[in-house]
Amino acid sequence: MENLAAVFILIFLAITFLQSGYDKYTDFNGNLSWLTEHFSGTFLDGKVAPALKTLLALEIIAGILCLAGVLELSISGGTLFGKYGASVSCIVLLMLLFGQRIAKDYDGARTIAIYFIPAVLVVYWLS
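Now the structure itself:
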């Protein structure tokens, strides 16, 4: 199978974002409470709920597209869904990085950068 590394990273991204989206959905109020406190005193104060809903939707979309990309690569060798899934994953990670930097959570931002590297690699490999 060609693009085996891309398949593994797409699976990694699918697990990451589907689990994260599921967690945000099932414990929305808990996440909202924590994030409201996390962003208090920043310009995002008061905008956390719509940002969380947007992030939740994009994480689920990224995860589904990554899974579709795994199937597409495995069945036909196509790269469209995988490229879109990895691209949406990069957008989500950039949103998360932006939030962590605004909140001055530099350790959290560093962790997000670790996820960003393989996501960008997949976009590159599948382009």
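First residue of the sequence shown: 1, per full-length UniProt numbering; consecutive thereafter.
All C-beta atoms in this analysis are idealised placements derived from N, C-alpha and C, irrespective of residue type, glycine included.
In this structure, the beta-carbon distance from Leu67 to Ala14 falls below 8 Å.
About 14 Å separates the CB atoms of Leu10 and Gly77; that is not less than 8 Å, and the two are not in contact. In the displayed model, Ala103 falls within coil according to three-state DSSP, outside both helix and strand.
Counted as a single uninterrupted DSSP element, the alpha helix (DSSP H) harbouring Leu65 occupies residues 48–75. Using a Cβ distance threshold of 8 Å, Thr79 and Leu71 do not count as a contacting pair. Per DSSP, the continuous alpha helix (DSSP H) segment holding Phe28 begins and ends at 28–38. Under the criterion of beta carbons closer than 8 Å, Ile102 and Thr42 qualify as touching, at roughly 5 Å.
Comparing C-alpha distances from Gly21 to each of Ser40, Ala62, Glu2 shows the shortest one belongs to Ala62.
Remark: C-beta atoms of Val88 and Leu58 approach each other more closely than 8 Å. Taken through DSSP and simplified to helix, strand or coil, Leu44 comes out as coil.
For Ile91, the closest C-alpha among the options His38, Asp107, Arg110, Val123 is that of Val123.
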